[in-house]
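Let me begin by presenting the structure, written as structure tokens, before commenting on it.
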Amino acid sequence: MKKFAIAATALALAASTLTAVPANAAAVPASKAVVLSECSTLNQVAKGKGADGSDLKCLTAKVGSMKGKKIWQYPTLPVLSRLEMIIPNNLTSGFGGFGKAVVDALKAEGLAKTEPVLTAKPGPGNTTGLLYMIKDMAGKAGKIAVTGFAQVGGAYTAKVAYRVSDANPISRMMAEYSAIAVKADSKYKTLADLVADLKKDAKAMAIVGGTVGGVDYYLSANFFDALGLPLSSMNYTANNGGQASSLLSDAKYAFGISGYADFAPYVASGDLRLLAVSAPSRLPGVATKTMKEQGVNVVVENWRGLILPPNTSAAGKATVIRALDIVTKSKSFKDYLASQKAVGRFLPGNQFVSWLKTEENKIRKLYSDLGL
């Protein structure tokens, strides 16, 4: 069987959730300074410790969650004016929830000069918002758009002329992980039970997941490849947003794939059971084993990030990177991540651009091999 060089977007994933610094935390020396962490000596400078390589300074916070405390902060607070957050899907989607979480954190930390606006631009493959940023918003300030794995894959499957990297990628921010679920009364008690039947007759086992070309489909392809099964035997049905209800109502589905957060309420109610998660290590507060723990060498993450319009000024990019650095350390954003069982994956500026281009090439090669 032809082996696919399926590289999970997690890379090696030494991802860990960065937590907001508690109010009683010990002072952090300049050599280890990160924004919003506490400091001891006012006006001391931490050289090159900003996310963009600029300096941080020990200041008394005048706004935000650390107000009144001595913290490492950018000498000039990176306040954003007339911010419009473009969501390339519905406002109630995962992209919408993430965009709102970023906006909420900006407001909580005093980084929004005026009330931000969230604008939905849904469309095929999440590409309408991408094209809007690239073609209509080039050079315009105050515009930020949500992006992520779904848009990278969508740009290929929707056959648009642009990639996400053709915009102005500014930061990867977070990642969520997928889960494999079965009905509570399923005969499959472990992933090994499921694997045993897949190896007997994969085509006979129907799978329900999200959009073809999306992260659920990508995970399914990884799963089959890791088991040495031909991808042509993958009996996959796309039912984006309805995986859990389909799994519960239609006996033909052997298992479902979706984000952990999508399945969690049904697991809590006793209707579904999780067999595995696609994370590199167990999710905080979740007992379900990873695929790797159970002998299936697969790690896949559903990452989300942000892009700016092409031709954004260097000064504008620096301001946004600094603001997002604060967002990732804020209590507001960390609370959002915890609610989604997600992790922080902050990667700003040129590092994100380089990583993104590599991921685009890997995903496009795989989807081409799959005939998409």
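What the sequence shown shows, in mature numbering (1 follows the signal peptide of the UniProt record, and there is no 0), is residues -25 to -1, 1 to 347, in sequence order. Where is the CB? At the ideal position from N, CA and C, for every residue including glycine.
Beta-carbon contacts of residue 336 that lie in its chain and below 8 Å, excluding the five residues immediately before and after: Excluding sequence neighbours, residue 336 sits near nothing in its chain.
- prompt: Who are residue 330's beta bridge partners in DSSP?
  reply: Partner(s): none; residue 330 has no beta bridge.
query: In angstroms, rounded to a whole number, what distance separates the CA positions of residue 83 and residue 306?
result: Cα-Cα distance, rounded: 9 Å.
- request: Pick out whichever of 308, 291, 285 has its Cα sitting closest to the Cα of residue 106.
  value: Each of 308, 291, 285 was checked against the Cα of residue 106, and the nearest Cα belongs to 285.
field: Neighbourhood of residue 32 by C-beta distance below 8 Å, restricted to the same chain and skipping five residues each side
entry: Answer for residue 32: 18, 19, 20, 21, 47, 48, 49, 50, listed in chain order.
First through last residue of the beta strand (DSSP E) which encompasses residue 218: Careful: residue 218 lies outside any beta strand (DSSP E), inside the alpha helix (DSSP H) at 218 to 224.
query: How many Å lie between residue 159 and residue 263 at the Cα?
result: Spanning the two alpha carbons is a distance of roughly 14 Å.
query: Is it right to say residue 244 is buried, meaning 16 or more other beta carbons lie within 10 angstroms of its own, or is it exposed?
result: Per the 10 Å Cβ criterion, exposed.
query: Is it buried or exposed for residue 90, if we count other Cβ within 10 angstroms and need 16 for buried?
result: Label assigned to residue 90: exposed.
task: Pick helix, strand or coil for residue 147, following the three-state DSSP scheme.
output: Looking at residue 147 - three-state DSSP - the assignment turns out to be strand.
- prompt: Do residue 192 and residue 185 have their C-beta atoms within less than 8 Å of each other?
  reply: The answer is yes: Cβ separation under 8 Å.
task: Give me the Cα-Cα distance between residue -10 and residue 173, rounded to the nearest whole angstrom.
output: At residue -10 the pLDDT is 38, less than 50, meaning the model places this residue with poor confidence; the figure from the coordinates comes in the next sentence. Looking at the two C-alpha atoms, the distance is approximately 33 Å.
- prompt: Can you tell me where the alpha helix (DSSP H) with residue 197 in it begins and where it stops?
  reply: Per DSSP, the unbroken alpha helix (DSSP H) holding residue 197 starts and ends at 190 to 201.
task: Look up residue -22 in the DSSP assignment and say whether it is helix, strand or coil.
output: Residue placement at residue -22 cannot be trusted, given a pLDDT of 41 that sits under 50; what the coordinates show is reported in the next sentence. Shown here, residue -22 sits in coil according to DSSP, grouped into three states, outside any helix or strand.
- prompt: With which residues is residue 153 paired in a DSSP beta bridge?
  reply: In the DSSP output, where bridge partners are listed per residue, residue 153 has 234.
message: Quick check on DSSP: helix, strand or coil for residue 114?
response: In the three-state reduction of the DSSP assignment, residue 114 falls in the coil class, being assigned neither a helical nor a strand state.
message: For residue 183 and residue 341, what's the separation of their Cα atoms in angstroms?
response: Looking at the backbone, the Cα of residue 183 and that of residue 341 are separated by about 20 Å.
Assumed close pair residue 297, residue 25 - CB separation to whole angstroms, cut-off 8 Å: Approximately 6 Å separates the beta-carbon atoms of residue 297 and residue 25; this is inside 8 Å, confirming the contact.
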